[in-house]
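Reading through the structure tokens given below for one structure.
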Amino acid sequence: FNRTFSEPPAWPRERLSKFVLVEPSEPRPALWLQFAFPDLETKFLSKPLSYISYIIKYTGVSSLQSYLKKEGLIQDLSSADSSTSAGTRFFVAMYLTTKGANSMEHVMDIFFQYLARMKHAGVDSQLYSSLADLSRLQFNWTQPDAPGDAAKDYAERMLRLPPRMLIAGDTRIDNTDPELVRRLIDMLTPQNLILAYVPSSKTNATFEEGSQVFEDKNMKLKYAVSELQ
């Protein structure tokens, strides 16, 4: 019996396009962007988010990261994703400079301008194929895990991958799917975003008067939610 959590939707429209202000917890101010995608667990052969993540994290000439750093707006940029039957979450994390923390709207304008360039350029099939080649090299040359770690890893994979793909399913890109990548890039919009800001713990940042403040008992933090402007 394979239980799924596809219904009710984890991220209905009314829960998106939100700004979350989180109480300070560390010295570096940070922006966390979460985009909601459909469940991509069955797309392990094409790994579309590998392409998107590469483009966003790229540090070469004319890249998003190099420009933001050149402008003195960020210290670092990374991405991650998490996929279950309830859906897929794609994260972009930016650790800001003091200048960036004081210019968040400018940072976000640059980010979405870069996404607009991605959409206009379309999916680079040659780059996607190169990433697939690289994934095969990494699979062939990666050192095996310790027995205990491997057993735990394969036990988890057995819940979501077919038997023939247990070894390579999380590593190799076996089939490229540019059309799926294009559709996902089109979903990288403010309307499909939850933007969280964590001010520096070195500041005296507080919630605005009248804000409805929530508390996460597990994370032991307070936060306020408002509409994304």
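If you read the sequence shown in the working numbering, its first letter stands for residue 818, the second for the next number, and so on. All C-beta atoms, glycine included, are put in the ideal place defined by N, C-alpha and C.
What do you reckon, are the CB atoms on Phe956 and Arg906 nearer than 7 Å? The sequence position of residue 956 within the sequence shown is 139, counting from 1. The sequence position of residue 906 within the sequence shown is 89, counting from 1. No, the Cβ-Cβ distance between Phe956 and Arg906 is not below 7 Å.
State the Cα-Cα distance for the pair Thr1023 and Pro961, rounded to the nearest angstrom. Working through the sequence shown from its first residue, we reach residue 1023 at position 206. Working through the sequence shown from its first residue, we reach residue 961 at position 144. Distance between the alpha carbons of Thr1023 and Pro961 is about 48 Å.
From Phe818 to Met911, what distance separates their C-alpha atoms? Here residue 818 is taken as the residue at index 1 of the sequence shown, counted from 1. Here residue 911 is taken as the residue at index 94 of the sequence shown, counted from 1. Low per-residue confidence applies at Phe818: pLDDT is 40, beneath 50, and the placement is therefore not dependable, though the value from the model is reported in the following sentence. Taking the straight line joining both Cα atoms gives about 40 Å.
Pairing CB atoms from the stretch 915-934 with CB atoms from the stretch 834-854, are three or more of them under 8 Å? yes
Quick check: Tyr1014 and Leu890, are their CB atoms within less than 7 Å of each other? Residue numbering aside, residue 1014 sits at position 197 when the sequence shown is read from its first letter. Residue numbering aside, residue 890 sits at position 73 when the sequence shown is read from its first letter. In this structure, Leu890 does not lie closer than 7 Å to Tyr1014 by Cβ.
Sort Thr901, Leu944 and Pro980 by Cα distance to Glu858 and report the nearest one. The residue labelled residue 858 in the question sits at position 41 within the sequence shown. Closest option to Glu858, Cα to Cα, is Thr901.
Apart from the five residues on each side of it in sequence, which residues of its chain come closer than 8 Å, Cβ to Cβ, to Met921? Indexing the sequence shown from 1 puts residue 921 at position 104. Closer than 8 Å at the Cβ level, and outside the excluded window around Met921, lie Leu848, Leu913 and Tyr1014.
Same chain, Cβ closer than 7 Å to Gln1008, five either side skipped, listed in chain order: By 1-based counting over the sequence shown, the position of residue 1008 is 191. Excluding positions up to five away in sequence, the list reads Leu833 and Ser834.
Among Phe908, Ile1002 and Asp991, the one whose alpha carbon lies nearest that of Ile1011: On the sequence shown, position 194 is the one that residue 1011 refers to. Selected option, being the one with the closest Cα: Phe908.
Cβ-based neighbour list, Phe1031, same chain, cut-off 8 Å, excluding 5 preceding and 5 following: The sequence position of residue 1031 within the sequence shown is 214, counting from 1. Around Phe1031: Lys1039, Tyr1040, Ala1041 and Val1042.
Which residue from Pro964, Pro825 and Phe836 puts its Cα closest to that of Leu1045? As a working note, residue 1045 is residue 228 in the sequence shown. If we check each option's Cα against that of Leu1045, Phe836 comes out closest.
Just to confirm, are Ala938 and Thr993 a CB contact at a threshold of 7 Å? Here residue 938 is taken as the residue at index 121 of the sequence shown, counted from 1. Here residue 993 is taken as the residue at index 176 of the sequence shown, counted from 1. The answer is no: Cβ separation not under 7 Å.
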